[in-house]
Amino acid sequence: DGGITQSPKYLFRKEGQNVTLSCEQNLNHDAMYWYRQDPGQGLRLIYYSQIVNDFQKGDIAEGYSVSREKKESFPLTVTSAQKNPTAFYLCASSIRPLGTEAFFGQGTRLTVV
Amino acid sequence: DQQVKQNSPSLSVQEGRISILNCDYTNSMFDYFLWYKKYPAEGPTFLISISSIKDKNEDGRFTVFLNKSAKHLSLHIVPSQPGDSAVYFCAAASNSGNTPLVFGKGTRLSVIA
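First to last, the protein sequences are chains Y and C. The opening residue of the first sequence carries number 17 in our numbering; numbering runs sequentially from there. The opening residue of the second sequence carries number 490 in our numbering; numbering runs sequentially from there.
Here's what the structure looks like:
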């Protein structure tokens, strides 16, 4: 059945290492998004992509990178430049770019030690 | 500067009574508004939305009201059930301004049996 799959659900990394979070969707959605949730901060937009091979920075893009080589996939790399990487990361997609409801994956909890 | 504000971090309601969750926005370009429900360690799930051409949208126990002049919307849940206990996020988007969803910080609803 259709949906958005994020893997893994829990991820531990040592400080200074880059780590890539996976996001795959089989909903045939054009747009995909990455949000970060911190306690008391709500959901903050990291990056979004409206079509394949195109993406834009969100409000907190520093220390992150993305790629959109396939419509189904939008991986997020948390680099060593991200100062506070420990957070809950949420991937989402929507049928058309912007201005419509987005559907979320189950999230990845990243802990950097 | 926060564009979508949920000023009540938490709300407790007796089972069977009405829950009213509030949301204010500052960006007059926003023309599409949504509510999401989120359980811990899970992705948000879409609840209900409203376009700026309407002032009310109803879906079962959930009704969203929009007051454009006041830049305010509210979610009413009647009757409230223990399973409604979750964090509720208000989100807004602009079709004309081409912005992805902007989320508030959320309100934690506790429905007491």
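In this text, a Cβ means the ideal position worked out from N, Cα and C, and glycines have one as well. Model, not experiment: these values are computed from the prediction.
Quick one, which of the options has its alpha-carbon nearest residue i's?
| i | options | result |
| --- | --- | --- |
| Y/Lys30 | Y/Thr102, Y/Asn44, Y/Gln72, Y/Ala118 | Y/Thr102 |
| C/Thr515 | C/Val493, C/Pro589, C/Ser499 | C/Val493 |
| Y/Leu70 | Y/Gly58, Y/Arg52, Y/Ser89 | Per the sequence shown, residue 70 of chain Y should be read as Asp rather than Leu. The option with the nearest alpha carbon to Y/Asp70 is Y/Ser89. |
| C/Ser574 | C/Asn496, C/Thr596, C/Asn546, C/Asn556 | C/Thr596 |
| C/Glu531 | Y/Gln33, Y/Ser96, Y/Thr21 | Y/Thr21 |
| Y/Pro91 | Y/Phe28, Y/Gln33, Y/Tyr51 | Y/Tyr51 |
| Y/Gln66 | C/Lys594, C/Thr588, C/Phe578, C/Asp520 | C/Thr588 |
| C/Leu523 | C/Glu547, C/Phe535, C/Asp544 | C/Phe535 |
| Y/Thr93 | Y/Leu106, Y/Gly79, Y/Phe104 | Y/Gly79 |
With H, G and I counted as helix, E and B as strand and the rest as coil, what does DSSP make of residue i?
| i | result |
| --- | --- |
| C/Asp573 | helix |
| C/Lys545 | strand |
| C/Tyr528 | coil |
| C/Lys494 | strand |
| C/Ala581 | strand |
| C/Phe535 | strand |
| C/Ser563 | strand |
Report buried or exposed for residue i, applying the criterion of at least 16 other Cβ atoms within 10 angstroms of its Cβ.
| i | result |
| --- | --- |
| C/Ser585 | exposed |
| Y/Ser109 | buried |
| Y/Lys73 | exposed |
| Y/Lys86 | exposed |
| Y/Lys99 | exposed |
| C/Tyr525 | buried |
| Y/Ala47 | buried |
| Y/Tyr63 | buried |
| Y/Gln25 | The question names Gln, but residue 25 of chain Y in the sequence shown is Lys. It is exposed - the Cβ of Y/Lys25 has fewer than 16 other Cβ atoms within 10 Å. |
Give a yes or no on whether the minimum CB-CB distance between residue i and chain C is below 7 Å.
| i | result |
| --- | --- |
| Y/Gln41 | no |
| Y/Gly58 | yes |
Name the chain D residues that come within less than 8 Å of residue i, Cβ to Cβ?
| i | result |
| --- | --- |
| Y/Phe119 | Absent here is chain D; the protein component of the structure consists of chains Y and C. |
Compare the C-beta of residue i against all C-beta atoms of chain Y and say whether one is closer than 7 Å.
| i | result |
| --- | --- |
| C/Phe592 | yes |
| C/Ser538 | yes |
| C/Pro589 | yes |
| C/Gly595 | yes |
The region 551 to 562 of chain C in contact with the region 508 to 523 of chain C per 3-pair CB rule at 8 Å: yes
The region 540 to 556 of chain C contacting the region 43 to 60 of chain Y, beta-carbon criterion three pairs below 8 Å: no
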